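I have placed the structure first, in the form of structure tokens, so that the comments after it can refer back to it.
Residue numbers (UniProt numbering): 1 to 242.
Structure follows, in structure tokens:
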């Protein structure tokens with residue numbers, strides 16, 4: 001996704017991205033005040049972000065997010081923000097006019113980072129299927145790879161194509177992977193149950209179950225999670241076995 005107040009800059013970036021195989025441009029925004037809403041709506045994996053824009057600075061756009069699940073490549077005419085970009089773990093910093101080769105290299109850097117995270121996840125799935133039970137999960141966020149203890153995950157919460165990973169420590173991570181991917185990785189783990197299309201819960205930390213059409217699951221931290229009525233019988237049978 002591109003955010004830039006200059007129409008010609010968007011046109012140029014769009015053309016350059018179209019020359020790169022496997023890259024899909026989901027949208028472009030000229031008015032930076034509309035950027036947050038469009039990011040939340042389109043949920044891009046990678047943002048090409050200008051810095052000096054009317055109404056709202058590029059860094060101010062990012063400051064609106066408590067967590068940043070997408071990667072950021074800054075595209076700007078000014079070099080004076082490079083250190084600040086480095087401090088927020090920007091993937092790259094490209095100076096205008098944008099060079100096609102430099103843009104391609106920045107995209108490749110993103111692809112390598114995502115590939116590393118994917119291989120970590122594939123390795124974990126392979127371990128489960130081979131009867132080994134790994135106790136860590138690799139999460140790729142804007143800040144890098146985080147290795148978290150699987151038994152310490154409280155629940156997963158879907159947010160469109162993103163997923164919030166909530167920990168027993170009250171830490172949380174927002175990653176640009178959908179919740180079904182985590183369900184697949186952890187399906188043989190035995191700890192997690194898909195309570196609803198938007199929640200995957202750790203059975204260890206269920207505090208209460210409140211009856212209803214589907215009912216509500218109360219987690220250790222007090223969070224109420226709706227249990228799908230289609231999942232109710234499976235859930236109750238599961239607890240009869242424990």
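C-beta atoms are modelled at their ideal positions from N, C-alpha and C, and glycine is treated no differently.
Given the structure is predicted, the values throughout are model-derived calculations rather than measurements.
At 4 residues or longer, and completely inside the stretch 137 to 197: list those alpha helix (DSSP H) runs for me, N to C.
179 to 186
Under 8 Å by Cβ, that's how I've got residue 14 and residue 25 pegged, so tell me the actual separation to the nearest angstrom.
Yes, they are in contact, since the Cβ atoms of residue 14 and residue 25 sit about 6 Å apart, within 8 Å.
Are three or more beta carbon pairs between the stretch 27 to 36 and the stretch 153 to 170 nearer than 8 Å?
no
Relative to the C-alpha of residue 215, which residue among 229, 175 and 223 is closest?
229
Is the Cβ-Cβ distance between residue 182 and residue 203 less than 8 Å?
no
Does DSSP put residue 55 in a helix, in a strand, or in coil?
coil
Taking residue 85 as the reference, which of 97, 72, 207 and 100 has the closest Cα?
Residue 72 is the option with its Cα nearest to residue 85.
For residue 205, which residues from the same chain have a beta carbon less than 7 Å from its beta carbon, with the 5 sequence-adjacent residues on both sides left out?
154, 168, 219 and 220
Start-to-end residues for the alpha helix (DSSP H) that takes in residue 19:
Careful: residue 19 lies outside any alpha helix (DSSP H) and carries neither H nor E.
Based on DSSP bridge pairs, tell me the residues matched to residue 206.
219
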